[in-house]
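Enquirer: Mind having a look at this structure? Questions to follow.
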Amino acid sequence: VADKVDRPKKGKYLAAFYSKEELAALFEATRNDSMSVVIQLAAYYGLRRSEVLGLRWSAVDFEQKTIEINHKLVTCREDGKTITVGEDELKNKSSHRVLPLIPQVEQVLLQAREQQELYRKKFGRSWCSKWEGYICLLPDGEIITPNFLTAHFGRLLKKHNLPPIRFHDLRHTCASLLVQAGVSMKQVQLWMGHSDFSTTADIY
Numbered sequence: 034v035a036d037k038v039d040r041p042k043k044g045k046y047l048a049a050f051y052s053k054e055e056l057a058a059l060f061e062a063t064r065n066d067s068m069s070v071v072i073q074l075a076a077y078y079g080l081r082r083s084e085v086l087g088l089r090w091s092a093v094d095f096e097q098k099t100i101e102i103n104h105k106l107v108t109c110r111e112d113g114k115t116i117t118v119g120e121d122e123l124k125n126k127s128s129h130r131v132l133p134l135i136p137q138v139e140q141v142l143l144q145a146r147e148q149q150e151l152y153r154k155k156f157g158r159s160w161c162s163k164w165e166g167y168i169c170l171l172p173d174g175e176i177i178t179p180n181f182l183t184a185h186f187g188r189l190l191k192k193h194n195l196p197p198i199r200f201h202d203l204r205h206t207c208a209s210l211l212v213q214a215g216v217s218m219k220q221v222q223l224w225m226g227h228s229d230f231s232t233t234a235d236i237y
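Residue numbering for the sequence shown follows the working numbering, starting at 34 and increasing by one per position.
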């Protein structure tokens, strides 16, 4: 009977993304929020949620002006509990990439590093040292979990009356703005860490 059934066709996914003006409004609205550095890193580099949360200070070379995507943060189940862990194995081989340190991002990171040090001194012994070395931390040193980021991002957009998008759509925003700026599709593929050129071409 199943042989006579017409298989449903896979619908083409249409990614949502912000314009340059909407992205600027997002940056301005969230510049005093603890997620500001996370949002800007994701938008400028088109990072996946796991990649941006997995960024460590050791991946940033302020002298050579580079930032390396070489680590990720994920949640998984262990002994019936949901835990957050860091992993060096990324989605695919192309996901491991070294990108130029954009001047705007460099300033954001320098400010974030200074703020993180102030928080460390302020919290003293209460500072969580487990995630020391990671860039995207809460004021008390705890890691920002993927689910918390997703929920907080949605609340931020609603609070500031910004168009609703998923956090992952910042990745689409980055790629779309690169294409609009005339960057070659091959360069966009390398920037985004896609393993296949057709993936970049089909989406953007």
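Idealized CB from N, CA, C, for every residue including glycine.
Computed from a prediction, not measured in an experiment: that's the story for all the values here.
1) Which two residues bound the contiguous alpha helix (DSSP H) that contains C109?
2) So, with DSSP's three-state summary, where would you put G119?
3) Ordered along the chain, which non-local residues of its own chain (more than five positions away) have a Cβ less than 7 Å from that of C161?
4) Would K163 be called buried (16 or more neighbouring beta carbons within 10 Å of its own) or exposed?
5) In the region 141-198, which residue ranges form an unbroken alpha helix (DSSP H) of at least 4 residues, counting only runs that do not cross its ends?
6) For D202, which three-state DSSP category applies?
7) For the alpha helix (DSSP H) containing L56, name the first residue and the last one.
8) With the cut-off set at 8 Å, would you say T99 and L134 are in Cβ contact?
9) May I ask which residues mark the beginning and end of the beta strand (DSSP E) holding V131?
10) Closer than 7 Å by C-beta to Y78: which residues in its own chain qualify, once you throw out the five before and the five after it? Chain order, please.
11) Per DSSP, what kind of secondary structure is R81 in: helix, strand or coil?
12) Tell whether a beta-carbon distance below 8 Å holds between Y51 and I198.
Expert: Well, looking at it:
1) Note, C109: premise wrong, no alpha helix (DSSP H); beta strand (DSSP E) at K105 to E111.
2) strand
3) D173, G174 and E175
4) exposed
5) As for any alpha helix (DSSP H) of minimum length 4 sitting wholly inside the region 141-198, the runs are 179-192, ordered along the chain.
6) Three-state DSSP puts D202 in a helix.
7) K53 to A62
8) Yes. Within cutoff.
9) R130 to P133
10) Only L132 and C207 meet the Cβ criterion.
11) coil
12) For Y51 and I198, yes; Cβs fall inside 8 Å.
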